[in-house]
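Undergrad:
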Amino acid sequence: MKNLSREGITKAGYFVFISIIWLVIGWTLRSQLIPQELPLAAQVNEVIQRDFPGDVPSQEALSFAAVQGMLSVIDDPFAVVIPPPHSLKFEADQAGETGVVGLVPGINEAGQMYIDTVIPGSTADEAGVQVGDILNSIDGVPVNAATTPAGSMLLFRGPVGKPADLVIERNGQILTFSPLRVERAALEWEVLEGGVGYIAQYTFTTNVPQLFEEALTAIMATNPPAIIWDVRFNGGGSMRVAQELLSNFVADGELFHVILKDDETHVFAAAGDALAPDVPLYILVNDFSFSAAETVASTIQEVGRGTTVGSTTFGKGSVQNTVPLSDDYIFEYTIGHWTTPEGVSYEGVGFIPAVTAPDNPDTAVDETLEAALQLIAGDGG
(Lines of atoms letter the chains of each structure in order from A and count residues from 1; the text may use other names and numbers.)
(Lines give C-alpha, C1' and ligand atoms only; values in the text may rest on other atoms or scores of the structure.)
Protein backbone atom coordinates (compact mmCIF):
# COMPACT_ATOMS: atom_id res chain seq x y z
CA MET A 1 0.00 0.00 0.00
CA LYS A 2 1.31 3.39 -0.94
CA ASN A 3 1.93 5.79 1.94
CA LEU A 4 0.41 9.27 1.70
CA SER A 5 2.95 12.02 1.72
CA ARG A 6 2.76 14.95 4.10
CA GLU A 7 1.99 17.14 1.07
CA GLY A 8 -0.92 14.89 0.04
CA ILE A 9 -2.40 14.97 3.55
CA THR A 10 -2.06 18.74 3.59
CA LYS A 11 -3.86 19.12 0.26
CA ALA A 12 -6.63 16.77 1.33
CA GLY A 13 -7.12 18.67 4.57
CA TYR A 14 -7.19 21.92 2.65
CA PHE A 15 -9.98 20.73 0.36
CA VAL A 16 -12.02 19.45 3.33
CA PHE A 17 -11.57 22.78 5.08
CA ILE A 18 -12.65 24.73 1.99
CA SER A 19 -15.69 22.47 1.61
CA ILE A 20 -16.78 23.11 5.20
CA ILE A 21 -16.29 26.84 4.75
CA TRP A 22 -18.48 26.90 1.65
CA LEU A 23 -21.11 24.76 3.39
CA VAL A 24 -21.24 27.22 6.29
CA ILE A 25 -21.34 30.16 3.90
CA GLY A 26 -24.13 28.48 1.93
CA TRP A 27 -26.29 27.93 5.00
CA THR A 28 -25.50 31.41 6.27
CA LEU A 29 -26.58 32.94 2.97
CA ARG A 30 -29.67 30.74 3.03
CA SER A 31 -30.61 31.96 6.51
CA GLN A 32 -30.12 35.55 5.44
CA LEU A 33 -32.88 35.10 2.87
CA ILE A 34 -35.43 35.30 5.71
CA PRO A 35 -36.56 38.95 5.89
CA GLN A 36 -35.38 40.09 9.30
CA GLU A 37 -37.98 42.84 9.41
CA LEU A 38 -40.80 40.26 9.64
CA PRO A 39 -42.29 39.45 13.06
CA LEU A 40 -40.72 36.44 14.76
CA ALA A 41 -43.73 34.19 14.11
CA ALA A 42 -43.68 35.10 10.43
CA GLN A 43 -39.95 34.31 10.20
CA VAL A 44 -40.48 30.88 11.76
CA ASN A 45 -43.39 30.24 9.42
CA GLU A 46 -41.17 31.17 6.48
CA VAL A 47 -38.55 28.63 7.51
CA ILE A 48 -41.17 25.91 8.08
CA GLN A 49 -42.69 26.48 4.66
CA ARG A 50 -39.27 26.42 2.98
CA ASP A 51 -37.28 23.77 4.85
CA PHE A 52 -39.49 21.39 6.84
CA PRO A 53 -39.10 17.95 5.23
CA GLY A 54 -42.39 16.50 6.48
CA ASP A 55 -46.00 17.33 5.71
CA VAL A 56 -46.57 21.00 6.47
CA PRO A 57 -50.00 21.80 7.99
CA SER A 58 -52.18 24.33 6.21
CA GLN A 59 -51.48 28.00 6.76
CA GLU A 60 -54.78 28.26 8.61
CA ALA A 61 -53.79 25.45 10.97
CA LEU A 62 -50.39 27.02 11.65
CA SER A 63 -51.94 30.43 12.27
CA PHE A 64 -54.54 28.96 14.63
CA ALA A 65 -51.79 27.11 16.55
CA ALA A 66 -49.85 30.36 16.86
CA VAL A 67 -52.95 32.08 18.23
CA GLN A 68 -53.50 29.27 20.73
CA GLY A 69 -49.91 29.78 21.86
CA MET A 70 -50.58 33.47 22.44
CA LEU A 71 -53.66 32.70 24.53
CA SER A 72 -51.72 30.17 26.63
CA VAL A 73 -49.36 32.83 27.98
CA ILE A 74 -51.97 35.41 29.03
CA ASP A 75 -53.69 35.06 32.38
CA ASP A 76 -57.21 34.62 31.04
CA PRO A 77 -58.95 31.25 31.45
CA PHE A 78 -61.89 32.55 29.41
CA ALA A 79 -59.90 33.60 26.34
CA VAL A 80 -60.77 31.48 23.33
CA VAL A 81 -60.65 31.87 19.56
CA ILE A 82 -63.62 29.97 18.15
CA PRO A 83 -63.24 28.61 14.60
CA PRO A 84 -66.07 27.83 12.23
CA PRO A 85 -68.41 25.99 12.45
CA HIS A 86 -68.25 26.31 16.24
CA SER A 87 -68.48 30.10 15.91
CA LEU A 88 -71.98 29.69 14.50
CA LYS A 89 -72.83 27.53 17.52
CA PHE A 90 -71.51 30.32 19.77
CA GLU A 91 -73.84 32.86 18.19
CA ALA A 92 -76.79 30.51 18.55
CA ASP A 93 -75.78 29.90 22.17
CA GLN A 94 -75.77 33.62 22.96
CA ALA A 95 -79.31 33.80 21.60
CA GLY A 96 -80.39 30.90 23.81
CA GLU A 97 -80.96 28.55 20.88
CA THR A 98 -78.71 25.57 21.80
CA GLY A 99 -79.24 22.49 23.94
CA VAL A 100 -77.31 21.88 27.17
CA VAL A 101 -76.25 18.87 29.27
CA GLY A 102 -75.69 20.59 32.63
CA LEU A 103 -71.90 20.59 32.99
CA VAL A 104 -69.40 23.31 33.92
CA PRO A 105 -65.71 22.54 33.25
CA GLY A 106 -62.61 23.80 35.04
CA ILE A 107 -58.83 23.33 35.01
CA ASN A 108 -57.18 21.44 37.88
CA GLU A 109 -53.71 22.00 39.33
CA ALA A 110 -52.24 19.51 36.86
CA GLY A 111 -53.55 21.61 33.96
CA GLN A 112 -56.21 19.05 33.03
CA MET A 113 -59.75 19.94 31.99
CA TYR A 114 -62.14 18.41 34.49
CA ILE A 115 -65.81 18.52 35.47
CA ASP A 116 -66.13 21.27 38.07
CA THR A 117 -69.93 21.29 38.35
CA VAL A 118 -72.71 18.86 37.51
CA ILE A 119 -76.11 20.54 37.65
CA PRO A 120 -78.43 18.36 39.78
CA GLY A 121 -81.14 16.71 37.72
CA SER A 122 -79.42 17.49 34.41
CA THR A 123 -78.96 14.88 31.69
CA ALA A 124 -75.25 14.70 32.54
CA ASP A 125 -76.15 14.02 36.17
CA GLU A 126 -78.60 11.30 35.13
CA ALA A 127 -75.98 9.77 32.80
CA GLY A 128 -73.52 9.40 35.69
CA VAL A 129 -70.95 12.13 35.00
CA GLN A 130 -69.28 13.16 38.28
CA VAL A 131 -67.47 16.18 39.65
CA GLY A 132 -63.72 15.61 39.28
CA ASP A 133 -63.96 13.53 36.09
CA ILE A 134 -61.17 14.37 33.62
CA LEU A 135 -62.35 15.33 30.14
CA ASN A 136 -60.55 13.64 27.25
CA SER A 137 -62.83 14.53 24.35
CA ILE A 138 -66.25 15.94 23.47
CA ASP A 139 -67.96 14.67 20.31
CA GLY A 140 -64.60 13.34 19.14
CA VAL A 141 -62.83 16.67 19.61
CA PRO A 142 -59.79 16.19 21.90
CA VAL A 143 -59.62 18.31 25.02
CA ASN A 144 -56.01 19.27 25.66
CA ALA A 145 -53.84 21.90 27.31
CA ALA A 146 -54.83 24.45 24.68
CA THR A 147 -58.55 24.05 25.41
CA THR A 148 -60.06 26.64 27.73
CA PRO A 149 -63.11 26.15 29.98
CA ALA A 150 -64.97 28.55 27.69
CA GLY A 151 -64.07 26.43 24.69
CA SER A 152 -65.24 23.27 26.46
CA MET A 153 -68.53 24.91 27.43
CA LEU A 154 -69.14 25.63 23.77
CA LEU A 155 -68.41 22.02 22.79
CA PHE A 156 -70.98 20.84 25.35
CA ARG A 157 -73.66 22.86 23.54
CA GLY A 158 -75.36 21.72 20.37
CA PRO A 159 -78.66 20.93 18.70
CA VAL A 160 -81.47 19.95 21.07
CA GLY A 161 -81.93 16.17 21.04
CA LYS A 162 -78.36 15.37 19.96
CA PRO A 163 -76.21 13.49 22.54
CA ALA A 164 -72.90 14.95 23.67
CA ASP A 165 -70.44 12.07 23.35
CA LEU A 166 -67.99 12.42 26.24
CA VAL A 167 -64.80 10.42 26.85
CA ILE A 168 -63.84 10.78 30.50
CA GLU A 169 -61.04 9.49 32.72
CA ARG A 170 -61.94 8.51 36.29
CA ASN A 171 -59.53 6.81 38.69
CA GLY A 172 -57.40 5.58 35.81
CA GLN A 173 -60.35 4.17 33.85
CA ILE A 174 -61.59 5.50 30.50
CA LEU A 175 -65.38 5.89 30.50
CA THR A 176 -67.85 7.10 27.88
CA PHE A 177 -71.10 8.98 28.46
CA SER A 178 -73.66 10.38 26.04
CA PRO A 179 -75.97 12.78 27.91
CA LEU A 180 -78.71 14.22 25.73
CA ARG A 181 -78.64 17.91 24.91
CA VAL A 182 -81.96 19.35 26.06
CA GLU A 183 -83.61 22.68 25.53
CA ARG A 184 -82.38 25.32 27.92
CA ALA A 185 -85.44 27.12 29.21
CA ALA A 186 -84.65 30.82 29.51
CA LEU A 187 -87.18 31.30 32.29
CA GLU A 188 -90.37 29.96 33.82
CA TRP A 189 -92.99 31.84 35.78
CA GLU A 190 -96.16 31.27 37.76
CA VAL A 191 -98.33 32.80 40.46
CA LEU A 192 -97.87 30.82 43.67
CA GLU A 193 -100.38 30.23 46.42
CA GLY A 194 -101.17 33.50 48.13
CA GLY A 195 -100.69 35.42 44.90
CA VAL A 196 -96.89 35.66 45.10
CA GLY A 197 -95.31 36.08 41.68
CA TYR A 198 -92.46 33.71 40.87
CA ILE A 199 -89.93 33.96 38.03
CA ALA A 200 -87.19 31.34 37.68
CA GLN A 201 -84.53 32.59 35.27
CA TYR A 202 -81.75 30.30 34.01
CA THR A 203 -79.65 32.44 31.69
CA PHE A 204 -78.87 36.01 30.64
CA THR A 205 -79.01 35.47 26.89
CA THR A 206 -80.32 38.11 24.51
CA ASN A 207 -83.80 36.58 24.27
CA VAL A 208 -84.44 36.95 28.01
CA PRO A 209 -85.42 40.65 28.41
CA GLN A 210 -88.55 40.31 26.29
CA LEU A 211 -89.55 37.04 27.96
CA PHE A 212 -88.92 38.53 31.38
CA GLU A 213 -90.96 41.65 30.60
CA GLU A 214 -93.87 39.53 29.37
CA ALA A 215 -93.78 37.39 32.51
CA LEU A 216 -93.48 40.37 34.85
CA THR A 217 -96.29 42.25 33.09
CA ALA A 218 -98.60 39.24 33.50
CA ILE A 219 -97.66 38.87 37.16
CA MET A 220 -98.13 42.57 37.92
CA ALA A 221 -101.63 42.39 36.42
CA THR A 222 -102.57 40.11 39.34
CA ASN A 223 -101.47 42.72 41.93
CA PRO A 224 -99.02 40.40 43.70
CA PRO A 225 -98.08 40.98 47.37
CA ALA A 226 -94.46 40.14 46.47
CA ILE A 227 -92.28 38.76 43.69
CA ILE A 228 -89.66 36.04 43.97
CA TRP A 229 -86.89 36.23 41.37
CA ASP A 230 -85.03 32.92 41.30
CA VAL A 231 -81.54 32.99 39.73
CA ARG A 232 -80.31 29.70 41.15
CA PHE A 233 -78.67 27.39 38.59
CA ASN A 234 -78.10 30.40 36.38
CA GLY A 235 -74.88 30.44 34.36
CA GLY A 236 -74.92 34.19 33.77
CA GLY A 237 -74.44 35.92 30.43
CA SER A 238 -74.74 39.44 29.10
CA MET A 239 -74.21 42.33 31.49
CA ARG A 240 -76.46 44.49 29.34
CA VAL A 241 -79.22 41.94 29.84
CA ALA A 242 -78.56 42.19 33.59
CA GLN A 243 -78.97 45.97 33.32
CA GLU A 244 -82.28 45.60 31.45
CA LEU A 245 -83.69 43.15 33.98
CA LEU A 246 -82.62 45.18 37.01
CA SER A 247 -84.27 48.23 35.44
CA ASN A 248 -87.62 46.48 35.86
CA PHE A 249 -87.26 46.78 39.64
CA VAL A 250 -84.93 49.74 40.26
CA ALA A 251 -86.36 53.09 39.16
CA ASP A 252 -83.12 55.09 38.94
CA GLY A 253 -79.49 55.30 39.96
CA GLU A 254 -76.39 53.20 39.40
CA LEU A 255 -76.78 49.44 39.17
CA PHE A 256 -73.21 48.17 38.83
CA HIS A 257 -69.83 49.10 37.37
CA VAL A 258 -67.59 47.36 34.86
CA ILE A 259 -63.90 48.21 35.33
CA LEU A 260 -61.95 48.05 32.07
CA LYS A 261 -58.26 48.40 31.18
CA ASP A 262 -56.38 51.24 32.90
CA ASP A 263 -59.22 51.42 35.49
CA GLU A 264 -61.65 52.93 33.02
CA THR A 265 -65.05 52.60 34.68
CA HIS A 266 -68.25 52.00 32.76
CA VAL A 267 -71.35 52.74 34.83
CA PHE A 268 -74.52 50.74 34.17
CA ALA A 269 -77.53 52.71 35.40
CA ALA A 270 -81.25 52.05 35.62
CA ALA A 271 -83.11 52.76 32.38
CA GLY A 272 -85.87 54.68 34.18
CA ASP A 273 -88.84 52.62 32.99
CA ALA A 274 -89.32 50.18 35.89
CA LEU A 275 -92.36 47.94 35.67
CA ALA A 276 -92.27 46.97 39.35
CA PRO A 277 -90.34 49.59 41.31
CA ASP A 278 -92.20 49.15 44.61
CA VAL A 279 -93.46 45.57 44.95
CA PRO A 280 -91.53 43.63 47.64
CA LEU A 281 -88.79 41.63 45.94
CA TYR A 282 -86.93 38.48 47.01
CA ILE A 283 -84.02 37.01 45.04
CA LEU A 284 -82.99 33.37 45.42
CA VAL A 285 -79.34 32.41 44.86
CA ASN A 286 -77.06 29.40 45.35
CA ASP A 287 -73.56 28.20 44.48
CA PHE A 288 -74.70 27.63 40.89
CA SER A 289 -75.49 31.33 40.47
CA PHE A 290 -72.75 32.70 38.21
CA SER A 291 -71.63 36.10 36.97
CA ALA A 292 -74.61 38.22 35.89
CA ALA A 293 -76.85 36.27 38.30
CA GLU A 294 -74.53 37.36 41.10
CA THR A 295 -74.58 40.92 39.75
CA VAL A 296 -78.36 41.32 39.95
CA ALA A 297 -78.53 39.78 43.43
CA SER A 298 -75.73 41.91 44.89
CA THR A 299 -77.17 45.07 43.30
CA ILE A 300 -80.64 44.46 44.69
CA GLN A 301 -79.16 43.95 48.15
CA GLU A 302 -76.78 46.90 48.05
CA VAL A 303 -79.35 49.45 46.83
CA GLY A 304 -81.88 48.16 49.36
CA ARG A 305 -84.45 47.21 46.75
CA GLY A 306 -85.07 43.66 47.98
CA THR A 307 -83.98 40.69 50.09
CA THR A 308 -81.59 37.98 48.94
CA VAL A 309 -82.15 34.41 50.15
CA GLY A 310 -80.20 31.16 49.70
CA SER A 311 -76.52 30.26 49.82
CA THR A 312 -73.21 31.81 48.74
CA THR A 313 -72.89 32.24 44.99
CA PHE A 314 -70.10 30.94 42.73
CA GLY A 315 -67.88 34.04 42.67
CA LYS A 316 -67.28 34.98 39.04
CA GLY A 317 -66.45 38.66 38.85
CA SER A 318 -64.86 38.86 35.40
CA VAL A 319 -66.57 40.22 32.28
CA GLN A 320 -66.01 38.85 28.79
CA ASN A 321 -66.31 40.48 25.38
CA THR A 322 -66.53 38.96 21.91
CA VAL A 323 -65.25 40.32 18.62
CA PRO A 324 -65.75 38.87 15.14
CA LEU A 325 -62.55 38.00 13.26
CA SER A 326 -61.91 37.18 9.62
CA ASP A 327 -63.10 33.92 8.04
CA ASP A 328 -65.97 33.53 10.56
CA TYR A 329 -63.71 33.19 13.61
CA ILE A 330 -64.82 34.71 16.93
CA PHE A 331 -62.55 35.86 19.76
CA GLU A 332 -63.93 35.83 23.31
CA TYR A 333 -61.74 37.30 26.04
CA THR A 334 -61.87 38.98 29.43
CA ILE A 335 -62.33 42.72 29.13
CA GLY A 336 -62.59 43.65 32.81
CA HIS A 337 -64.48 42.89 36.01
CA TRP A 338 -67.73 44.05 37.54
CA THR A 339 -68.34 45.58 40.95
CA THR A 340 -71.31 46.93 42.87
CA PRO A 341 -71.80 50.73 42.85
CA GLU A 342 -69.81 50.83 46.09
CA GLY A 343 -66.91 49.02 44.44
CA VAL A 344 -67.36 45.56 45.97
CA SER A 345 -66.11 42.60 43.91
CA TYR A 346 -67.15 39.01 44.57
CA GLU A 347 -64.52 37.40 42.33
CA GLY A 348 -63.35 34.13 43.87
CA VAL A 349 -65.37 34.54 47.07
CA GLY A 350 -69.01 34.67 46.02
CA PHE A 351 -71.89 36.81 47.19
CA ILE A 352 -73.44 35.96 50.57
CA PRO A 353 -77.23 36.50 50.66
CA ALA A 354 -78.85 38.44 53.46
CA VAL A 355 -80.79 35.36 54.57
CA THR A 356 -78.92 32.05 54.56
CA ALA A 357 -81.30 29.25 53.60
CA PRO A 358 -79.62 26.54 51.51
CA ASP A 359 -81.78 23.97 49.78
CA ASN A 360 -81.32 20.30 50.64
CA PRO A 361 -81.39 18.37 47.35
CA ASP A 362 -82.26 15.16 49.22
CA THR A 363 -85.66 16.46 50.32
CA ALA A 364 -88.82 17.06 48.33
CA VAL A 365 -89.19 20.52 49.83
CA ASP A 366 -87.40 23.51 48.33
CA GLU A 367 -86.08 24.97 51.57
CA THR A 368 -84.80 28.17 49.92
CA LEU A 369 -88.14 28.94 48.30
CA GLU A 370 -89.96 28.09 51.54
CA ALA A 371 -87.71 30.48 53.47
CA ALA A 372 -88.60 33.30 51.06
CA LEU A 373 -92.32 32.54 51.36
CA GLN A 374 -92.05 32.60 55.14
CA LEU A 375 -90.30 35.97 54.98
CA ILE A 376 -93.09 37.29 52.75
CA ALA A 377 -95.74 36.01 55.15
CA GLY A 378 -93.89 37.53 58.08
CA ASP A 379 -93.68 40.87 56.29
CA GLY A 380 -97.45 40.90 55.83
CA GLY A 381 -97.39 39.80 52.18
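Heads up: the sequence shown runs through residues 53 to 433, numbered per our numbering.
Ideal placement from N, C-alpha and C gives every residue a C-beta, glycine not left out.
Assuming contact is defined by CB atoms lying nearer than 8 Å, are GLY402 and THR365 in contact in what I supplied?
TA: Walking along the sequence shown from the start, residue 402 turns up at place 350. Walking along the sequence shown from the start, residue 365 turns up at place 313. Yes; because the gap between Cβ atoms is below 8 Å, this pair is in contact.
Undergrad: Leaving out five residues before and five after SER350 in sequence, what residues of the same chain have Cβ atoms less than 6 Å from its Cβ?
TA: Reading the sequence shown from its first residue, position 298 is the one you call residue 350. The residues are THR392, PHE403.
Undergrad: Is DSSP giving ALA429 helix, strand or coil here?
TA: Taking the first residue of the sequence shown as position 1, residue 429 is located at position 377. Helix at ALA429.
Undergrad: Let's see if you can read the secondary structure: which residues bound the alpha helix (DSSP H) around ASN97?
TA: As a first step, residue 97 is located in the sequence shown; it is residue number 45 there, counting from the start. Judged by DSSP secondary structure, ASN97 falls within the alpha helix (DSSP H) whose first and last residues are 92–103.
Undergrad: So, is GLN353 buried or exposed, given that buried needs 16 or more other C-beta atoms within 10 angstroms?
TA: As a first step, residue 353 is located in the sequence shown; it is residue number 301 there, counting from the start. Classification for GLN353: buried.
Undergrad: Any idea if PHE455 is buried or exposed, counting beta-carbon neighbours within 10 angstroms, 16 or more meaning buried?
TA: Residue 455 lies beyond the stretch modelled for the chain, which goes from 53 to 433, so this question has no answer here.
Undergrad: Taking the alpha carbon of LEU155 as the reference point, which residue from ALA162, GLY163, SER174 has its own alpha carbon closest?
TA: The residue labelled residue 155 in the question sits at position 103 within the sequence shown. Nearest C-alpha to LEU155: SER174.
Undergrad: Grab the span of the beta strand (DSSP E) containing ASP168 for me, first residue to last.
TA: As a working mapping, residue 168 is identified with position 116 in the sequence shown. Residues 165–170.
Undergrad: Taking the CB atoms as reference points, tell me whether GLU265 and ALA252 lie closer together than 8 Å.
TA: On the sequence shown, position 213 is the one that residue 265 refers to. On the sequence shown, position 200 is the one that residue 252 refers to. No, the pair does not count as a contact, with Cβ atoms beyond the cut-off.
Undergrad: How far does the alpha helix (DSSP H) with GLU346 in it reach, from first residue to last?
TA: The residue labelled residue 346 in the question sits at position 294 within the sequence shown. That run of the alpha helix (DSSP H) goes 344–354.
Undergrad: Do you know how far the Cα of PRO413 is from the Cα of ALA278?
TA: Mapped onto the sequence shown, residue 278 falls at position 226. Mapped onto the sequence shown, residue 413 falls at position 361. Taking the straight line from one Cα to the other gives about 25 Å.
Undergrad: What whole-angstrom Cβ distance do TYR398 and GLY367 have, given they're in contact under 8 Å?
TA: In the sequence shown, the residue the question calls residue 398 occupies position 346. In the sequence shown, the residue the question calls residue 367 occupies position 315. That pair is a contact at about 6 Å.
Undergrad: Taking the straight line between their C-alpha atoms, what separation do you get for TRP183 and GLY224?
TA: Translated into the one-based positions of the sequence shown, residue 183 becomes position 131. Translated into the one-based positions of the sequence shown, residue 224 becomes position 172. The sequence shown places Val at residue 183, not Trp. Those two C-alpha atoms are separated by around 15 Å.
Undergrad: Taking only runs that begin and end inside the region 376–431, name each unbroken alpha helix (DSSP H) of 4 or more residues, in chain order.
TA: 419–430
Undergrad: By Cβ distance, which residues of its chain are closer than 7 Å to ILE271, with the 5 residues on each side in sequence left out?
TA: Residue 271 sits at position 219 when you count from the first residue of the sequence shown. Setting aside the 5 residues that flank it on each side, ILE271 is surrounded in the same chain by TRP241, VAL243, GLY249, ILE279, each with a C-beta closer than 7 Å to its C-beta; the list follows chain order.
Undergrad: If I measure Cβ to Cβ from PRO410 and keep anything under 8 Å in the same chain, skipping five residues before and after, which residues do I get?
TA: Within the sequence shown, the letter at position 358 stands for residue 410. Contacts found: ASN338, GLY362, SER363, GLU419, THR420.
Undergrad: Which complete beta strand (DSSP E) runs does the region 245–311 hold, if anything under 3 residues is left out?
TA: Whole beta strand (DSSP E) segments, 3+ residues: 249–253, 279–282, 306–311.
Undergrad: List the residues that DSSP assigns as beta-bridge partners of PHE320.
TA: Mapped onto the sequence shown, residue 320 falls at position 268. Beta-bridge pairing links PHE320 to PHE308.
Undergrad: Among residues of its own chain, excluding the 5 on either side of GLY210, which ones have a beta-carbon nearer than 8 Å to its beta-carbon?
TA: Along the sequence shown, one-based indexing puts residue 210 at 158. These residues qualify, in order along the chain: LYS141, THR150, GLY151, ASP191, ALA216, ARG233.
Undergrad: If you draw a straight line from the C-alpha of GLY324 to the C-alpha of VAL302, how long is it?
TA: By one-based count along the sequence shown, residue 324 stands at place 272. By one-based count along the sequence shown, residue 302 stands at place 250. The alpha-carbon atoms of GLY324 and VAL302 are separated by roughly 8 Å.
Undergrad: Please look up how many angstroms separate the CB atoms of PRO172 and TYR166, rounded, as I've assumed it's under 8 Å.
TA: Stepping through the sequence shown from its first residue, residue 172 is reached at position 120. Stepping through the sequence shown from its first residue, residue 166 is reached at position 114. PRO172 to TYR166, Cβ: 18 Å. No contact.
Undergrad: By Cβ distance, which residues of its chain are closer than 8 Å to VAL34, with the 5 residues on each side in sequence left out?
TA: Residue 34 lies beyond the range of the chain shown here (53 to 433); nothing can be said about it.
Undergrad: For GLN111, count the other beta carbons within 10 Å of its own beta carbon; 16 or more makes it buried, fewer makes it exposed. Which is it?
TA: Indexing the sequence shown from 1 puts residue 111 at position 59. GLN111 comes out exposed.
Undergrad: Could you tell me whether any non-hydrogen atom of the ligand MG is closer than 7 Å to the CB of LEU123?
TA: Among the ligands in the structure shown, none appear at all, so the ligand MG cannot be discussed.
Undergrad: What are the partner residues of ASN373, as DSSP defines its beta bridges?
TA: As a working note, residue 373 is residue 321 in the sequence shown. DSSP lists TYR385 as partners of ASN373.
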